[in-house]
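The next block holds one structure in the form of structure tokens; read it before the comments.
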Amino acid sequence: MRVIVNGNEEQTEARTLDGLLRELGYGTAKVATALNGQFVPAAERSRVQLDTGAKIEIVSPRQGG
Amino acid sequence: MRVIVNGNEEQTEARTLDGLLRELGYGTAKVATALNGQFVPAAERSRVQLDTGAKIEIVSPRQGG
Amino acid sequence: MRVIVNGNEEQTEARTLDGLLRELGYGTAKVATALNGQFVPAAERSRVQLDTGAKIEIVSPRQGG
Amino acid sequence: MRVIVNGNEEQTEARTLDGLLRELGYGTAKVATALNGQFVPAAERSRVQLDTGAKIEIVSPRQGG
Amino acid sequence: MQDLTRTESDDQQLCLYGRPVASRLLLGTAQYPSPALLGDAVRRAQVSVVTVSLRREGARERSGERFWQMVADWGVHVLPNTAGCRSAKDAITTAQMAREIFDTRWVKLEVIANDDTLQPDVFGLVEAATELVRQGFEVFPYTTEDLGVGERLLAAGCEVLMPWGAPIGTGRGLANPHALKTMRGYFPDTPLIIDAGVGAPSHAALAMELGFDAVLLNTAIAKAGDPPAMAEAFAAAVAAGRTGYRAGLMETRDMATPSTPVAGTPFFDLSDGQ
Amino acid sequence: MQDLTRTESDDQQLCLYGRPVASRLLLGTAQYPSPALLGDAVRRAQVSVVTVSLRREGARERSGERFWQMVADWGVHVLPNTAGCRSAKDAITTAQMAREIFDTRWVKLEVIANDDTLQPDVFGLVEAATELVRQGFEVFPYTTEDLGVGERLLAAGCEVLMPWGAPIGTGRGLANPHALKTMRGYFPDTPLIIDAGVGAPSHAALAMELGFDAVLLNTAIAKAGDPPAMAEAFAAAVAAGRTGYRAGLMETRDMATPSTPVAGTPFFDLSDGQ
Amino acid sequence: MQDLTRTESDDQQLCLYGRPVASRLLLGTAQYPSPALLGDAVRRAQVSVVTVSLRREGARERSGERFWQMVADWGVHVLPNTAGCRSAKDAITTAQMAREIFDTRWVKLEVIANDDTLQPDVFGLVEAATELVRQGFEVFPYTTEDLGVGERLLAAGCEVLMPWGAPIGTGRGLANPHALKTMRGYFPDTPLIIDAGVGAPSHAALAMELGFDAVLLNTAIAKAGDPPAMAEAFAAAVAAGRTGYRAGLMETRDMATPSTPVAGTPFFDLSDGQ
Amino acid sequence: MQDLTRTESDDQQLCLYGRPVASRLLLGTAQYPSPALLGDAVRRAQVSVVTVSLRREGARERSGERFWQMVADWGVHVLPNTAGCRSAKDAITTAQMAREIFDTRWVKLEVIANDDTLQPDVFGLVEAATELVRQGFEVFPYTTEDLGVGERLLAAGCEVLMPWGAPIGTGRGLANPHALKTMRGYFPDTPLIIDAGVGAPSHAALAMELGFDAVLLNTAIAKAGDPPAMAEAFAAAVAAGRTGYRAGLMETRDMATPSTPVAGTPFFDLSDGQ
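Going down the list, the protein sequences come from chains A, B, C, D, E, F, G and H.
Going by our numbering, the first sequence opens with residue 1, and the numbers climb by one from there.
Going by our numbering, the second sequence opens with residue 1, and the numbers climb by one from there.
Going by our numbering, the third sequence opens with residue 1, and the numbers climb by one from there.
Going by our numbering, the fourth sequence opens with residue 1, and the numbers climb by one from there.
Going by our numbering, the fifth sequence opens with residue 1, and the numbers climb by one from there.
Going by our numbering, the sixth sequence opens with residue 1, and the numbers climb by one from there.
Going by our numbering, the seventh sequence opens with residue 1, and the numbers climb by one from there.
Going by our numbering, the eighth sequence opens with residue 1, and the numbers climb by one from there.
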């Protein structure tokens with residue numbers, strides 16, 4: 001299934017956001033996520049289904065002004 | 001019937017905006033009108049019914065910046 | 001003899017600047033002096049003769065900007 | 001005899017400022033003159049002697065701000 | 001000095017909603033010591049557009065008609081305002097009344113946010129502009145230098161923007177010239193008119209030098225010692241700034257540069273040796 | 001717009017050393033792209049006074065004569081300068097040469113202190129002015145806004161002062177408007193001409209609004225994209241500022257004030273209740 | 001010089017959404033030459049609040065975590081921003097992600113209107129603020145000096161406003177000090193923080209002298225030659241401006257007044273006669 | 001915040017005529033509500049140099065002695081002025097009296113041109129400075145931003161220049177910052193102290209950011225609501241400006257630039273498609 005992660009196309013076997021993060025190797029990284037423009041809290045990542053073409057954002061802390 | 005004309009209470013016998021203007025003596029004065037905050041074109045003044053407490057604005061050209 | 005001390009006319013018996021200061025009661029006050037627009041050091045006050053109409057300045061420290 | 005005309009060294013046979021102007025070919029040009037930093041009116045050019053090393057300015061109208 | 005208002009060829013003339021406008025000074029009509037002085041000011045400045053307003057009229061007053069007759073005699077474009085309106089609703093109704101009475105689709109849209117600054121309420125402004133354009137009005141919105149608001153007004157169908165120079169009646173000139181210059185660059189093809197805050201001819205000239213298309217003012221002329229003379233002064237200043245803008249202003253420099261050329265300066269070598 | 005240069009009645013016309021001067025814009029003649037453009041600028045601005053200079057001339061050059069013939073044809077007052085002089089002595093000799101060649105007692109006296117700012121050397125200036133007045137010159141000193149220097153120049157016999165706006169050629173306008181305003185108030189009866197630093201028509205208008213009697217400039221016109229048009233722009237700006245000054249500028253205010261009267265605003269009571 | 005940050009007694013200390021904030025200088029964390037220099041700047045300025053952001057992170061990057069660990073060690077309040085968001089929707093989602101990851105209800109809300117000025121899109125800003133307050137956020141809106149927008153933000157539930165000084169990253173200081181002063185007077189009880197455009201310590205001091213409650217900046221320190229020293233300079237400037245504001249600034253005057261008293265000046269009478 | 005006055009290493013410390021001066025804020029002592037508040041101000045600002053004056057004293061007054069004792073207790077350098085002198089002659093005699101009474105070769109030389117601006121009479125100033133240096137004084141001339149005058153003062157033997165910011169007592173700040181910046185560049189190695197006109201901490205910070213070596217002021221502190229607090233504010237502002245100057249101020253820009261990096265912004269592609 002093709003999804004778009006942080007703006008780039010990816011192939012994934014995962015069916016949930018949780019699974020996708022594991023598959024990509026994020027492990028315990030301190031990240032927050034959104035699916036198709038909607039925030040997905042960490043606790044709900046395992047309940048969220050991915051569909052083909054899903055747009056996922058995975059972000060972490062950075063310097064900011 | 002009591003109505004409010006340009007912010008002041010007035011007693012009137014008129015039932016239409018047209019009639020009110022005549023009763024008050026505006027005659028052919030170059031004025032525009034609104035009833036309860038809605039514009040009333042000159043051509044429709046005779047078709048517009050007044051109710052008790054109606055708020056009527058009667059305005060004419062003035063200096064402006 | 002009439003002299004002018006700090007802009008005011010005074011009568012004096014003194015013949016020297018030193019004598020004038022004593023006569024006026026300056027005693028050991030911390031002052032500096034000028035005679036007719038010329039500075040007179042403390043050490044020379046006893047050697048400086050006063051003439052009628054002499055203009056004497058007697059100044060001391062003050063607040064300044 | 002060497003003189004300095006407008007900042008440049010020149011050889012001249014002339015003994016007066018008037019003669020120098022003729023020798024250099026100024027003819028009737030609308031110019032004003034100075035010798036060694038002093039203004040020389042046109043009427044006095046024939047009376048002014050040149051010495052070796054004399055510094056002569058010959059100027060004419062120009063654009064100015 | 002020839003007539004500066006005539007130096008712009010036809011293709012450079014200002015057009016507002018399709019109507020050519022000869023003078024780039026737009027004039028408010030309020031606060032003059034007398035109607036006669038107002039009339040003189042309009043004539044002396046040769047203005048093409050004047051702003052007017054609507055106010056409540058008593059039955060036998062007829063002052064509105066007298067004023068209107070005077071304006072009609074000037075032969076100028078009339079731009080009715082919605083001055084004093086504090087909501088989009090009031091502004092819309094006022095605009096509708098003005099359209100009927102002045103027989104024009106033009107409206108100077110003012111929706112005021114507060115009495116301290118009389119600044120535009122940009123939310124009410126966009127709301128009212130959207131509705132009025134829908135109703136066929138040609139809207140001249142009194143706005144700020146805010147680019148995002150400007151974009152929404154254009155999106156709503158406005159073809160002219162009128163940013164303030166400074167708060168109405170203060171006469172402080174251009175309070176934020178850098179932002180106004182940015183606005184000019186951001187909307188290169190939209191007629192931009194500085195409206196409000198202009199207090200002196202030099203302010204009007206500066207606005208035009210920044211590339212603004214026109215200046216609208218009232219208080220600085222009406223409250224001058226001699227309003228007709230001041231009207232003439234502003235007309236000349238607007239023309240001066242416009243002509244200067246088109247003639248290409250020099251770049252400013254940090255260091256001095258001689259205007260008279262240095263080459264050939266008498267005594268140049270002598271001076272060195274002094 | 002009528003001809004603004006004609007709006008001053010005779011008793012208000014500027015007089016410089018007894019000579020009436022119709023235009024309050026004085027023009028420098030250097031740095032133009034061509035003599036033709038310079039001539040156009042002089043005509044378009046209708047100037048009454050132009051500045052000129054002296055430079056070394058080679059024997060068969062004759063460029064001075066051609067320039068001079070052009071200037072003579074304009075029918076204006078000629079104000080020779082001592083540009084580039086770094087000492088009172090050089091300036092005095094230059095002035096003497098200028099008097100002979102231009103046949104005028106007028107001299108724009110420049111004694112320059114340094115190349116970075118081209119600012120007046122006020123010591124050399126007062127020294128040269130004193131001597132030149134003694135010799136019968138009518139001196140126009142290029143000076144600063146320094147009041148004490150101004151007093152010494154008047155004491156030396158100068159009847160005009162020409163303070164700088166900003167360093168020559170920078171085009172920065174009035175660098176210290178507060179000091180210049182103070183100067184105007186301090187010398188109420190002396191013709192004061194802003195000389196140098198003016199870069200845009202709005203700067204010239206501001207100078208006149210502060211009450212200065214005239215503006216002298218060169219670079220801003222000569223280096224404009226279109227010098228004759230810019231000359232016209234400055235002429236209009238000077239007239240605008242002067243007319244505005246005489247017409248009585250409004251007082252600036254800190255808080256906004258409606259130009260359209262509040263009384264009689266429609267919906268006034270309704271709005272309150274919303 | 002004693003420690004200026006300690007001179008405010010408890011009842012005068014700045015509180016932002018109920019949290020006391022010791023330093024009135026809020027610091028952005030971006031653009032520093034190195035993390036070490038950023039850390040030094042934070043310590044030298046003794047800041048209490050830093051802004052941070054969220055950016056996309058690759059799977060094995062872990063740079064976010066390292067940065068976060070460093071910030072946590074500082075022991076300061078963290079204010080996540082929504083920098084780069086061009087719509088209310090993006091800003092809301094970004095704020096939600098930030099709340100989870102930084103474990104704070106605070107959010108510096110940026111909804112950007114365009115890239116030229118990076119100015120707030122005031123419509124998107126009010127929309128996003130309204131929704132975020134509804135969701136329990138404590139919103140620090142990056143806004144303009146527009147009073148009407150400010151009122152809507154307060155009505156939406158914001159308890160702090162952060163007007164810009166000048167466009168982000170320009171370092172131009174306060175572009176419209178008069179409008180900002182008016183804003184201060186209009187919202188006397190709301191914490192107002194100047195955010196963006198501050199380029200020099202004197203700008204920060206001026207903001208505080210106008211009565212603003214704090215200053216937030218980033219570029220001027222991060223891009224300084226010596227960022228930690230510059231952080232210290234800004235901390236001192238903010239303290240200086242605040243202390244000066246509270247100590248009662250003198251009124252400016254138009255005319256000079258001697259500081260040293262005139263009475264008793266030696267030679268006073270003699271001088272008169274000279 | 002650590003003690004900013006200690007952050008300059010020894011080789012960067014200000015030296016005036018060979019004497020190291022720890023604080024770059026020089027303080028006038030006049031116009032305070034009480035001697036106690038003056039003393040507090042001196043201590044709170046940790047100043048190293050104070051100015052004093054001489055005034056006529058009656059025979060049994062002894063107020064001079066009490067003032068002098070207080071000053072002596074502060075342990076600071078004393079800089080006597082010649083305030084109020086209108087001629088070189090008066091200033092020279094006053095300086096001589098001051099040298100004897102204060103036992104110092106330092107003198108702040110004021111020769112005043114007029115009462116409206118209290119500006120220096122630059123002719124009298126150079127004359128008096130020349131004579132005083134000849135007599136062994138170390139002269140601190142109160143001067144203008146005039147470069148030619150500055151050169152003559154240095155030629156006369158002055159090793160410090162003190163240009164005004166604005167007229168004494170006006171509190172208007174730096175009236176001509178561009179000229180002052182030029183002056184700084186023109187005299188790179190001479191200690192330059194802004195004297196007069198500074199009204200707010202931000203003005204003092206700006207002076208230091210321009211590279212001036214110190215600031216001397218009086219009225220802004222003495223006439224503050226709380227003079228000791230204001231003294232502290234100015235001390236912090238001077239330190240802030242100095243530190244900022246040395247830390248390398250950012251360049252100002254015309255266009256906005258994001259402080260938070262654009263790369264990695266969430267929703268970046270989505271937003272494009274909206």
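Every residue, glycine too, gets a C-beta built ideally from N, C-alpha and C.
When DSSP labels each residue in this structure, what does F/M250 get in the three-state scheme?
coil
Between the alpha carbons of F/V238 and F/P201, how many angstroms are there, rounded?
8 Å
State whether the stretch 211-225 of chain F contacts the stretch 50-59 of chain D, with contact taken as three or more CB pairs (one from each stretch) at a distance under 8 Å.
no
Where does F/V198 fall in DSSP's three states?
coil
Members of the stretch 35-55 of chain E that neighbour chain B once the beta carbon cut-off is set at 7 Å:
T51, V52, S53, L54 and R55
Excluding five sequence neighbours on each side, which residues of the same chain lie with their C-beta closer than 7 Å to the C-beta of H/L249?
E209
Neighbour-count burial assignment, F/A83, 16 or more Cβ in a 10 Å radius
buried
Taking only beta-carbon atoms, is F/S259 less than 7 Å away from chain B?
yes
Starting from F/F140, find everything on chain D with Cβ-Cβ shorter than 7 Å and list it in chain order.
Ordered by position in chain D, no residue passes the 7 Å Cβ test against F/F140, which lies about 13 Å from the chain.
Under 7 Å between C-beta atoms, does G/H203 make it to chain E?
no
Under 8 Å between beta-carbons, which chain F residues line up against B/G64? List them in chain order, please.
S259 and T260
I need the DSSP call for H/M162, collapsed to helix, strand or coil.
strand
Interface flag, E/N114 vs chain B, CB-CB below 7 Å
no
For F/V71, the three-state DSSP class (helix, strand or coil)
helix
Below 9 Å on C-beta distance, what does E/H77 contact in chain G?
Residues of chain G passing the Cβ test: none, with the nearest at roughly 30 Å.
Assuming contact is defined by CB atoms lying nearer than 7 Å, are E/G124 and E/V107 in contact in what I supplied?
no
I'd like the list of long-range same chain contacts for C/I4, defined as Cβ closer than 6 Å, with 5 residues on each side in sequence excluded.
K55
Around the Cβ of H/V262, are there at least 16 other Cβ atoms within 10 angstroms (buried) or fewer (exposed)?
exposed
Check whether the Cβ of H/L147 lies closer than 7 Å to any Cβ atom in chain F.
yes
Would G/A207 count as contacting chain A if we go by Cβ distances under 7 Å?
no
Identify each residue in the stretch 210-235 of chain G for which the Cβ-Cβ distance to at least one residue of chain H is less than 9 Å, and report them in chain order.
L217, N218, T219, A220, I221, A222, K223, A224, G225, D226, P227, P228, A229, M230, A231, E232, A233, F234 and A235
Any beta carbon from chain E within less than 7 Å of B/G54's own beta carbon?
It is Ala, not Gly, that sits at residue 54 of chain B in the sequence shown. With 7 Å as the cut-off, B/A54 does not count as an interface residue toward chain E.
Rounded straight-line distance, which links the Cα of H/P33 to that of H/G225
10 Å
C/E44 by DSSP, collapsed to three states: which one?
helix
Thinking C-alpha only, which one of F/R66, F/A59, F/T117 and F/M162 is nearest F/I194?
F/M162
Relative to the C-alpha of G/P228, which candidate in H/R172, H/R246 and H/N81 has its C-alpha closest?
H/R246
Counting along the chain, where does the beta strand (DSSP E) carrying G/Y142 start and finish?
E138 to T143
Going by DSSP, which residues form a beta bridge with G/C15?
G/P20
Output the distance between the C-alpha atoms of H/A113 and H/S87, rounded to the nearest integer angstrom.
8 Å
Is it the case that the Cβ atoms of G/I260 and C/G65 are separated by a distance below 7 Å?
According to the sequence provided, residue 260 of chain G is Thr. The question's Ile does not apply to it. Yes. Within cutoff.
Residue environment, C/S60, which counts as buried when at least 16 other CB atoms sit within 10 Å:
buried
Tell me the residue span of the alpha helix (DSSP H) that contains H/A45.
P35 to A45
For the stretch 180-194 of chain G against the stretch 151-161 of chain E, do three or more pairs of beta-carbon atoms, one drawn from each stretch, fall closer than 8 Å, so that the two count as touching?
no
Mind the definition here: the stretch 89-96 of chain F touches the stretch 129-144 of chain F only if three or more C-beta pairs lie below 8 Å; say whether that holds.
yes
Terminal residues of the alpha helix (DSSP H) in which H/V122 lies
V122 to R134
Taking the alpha-carbon positions, what's the H/P120 to G/L37 distance?
46 Å
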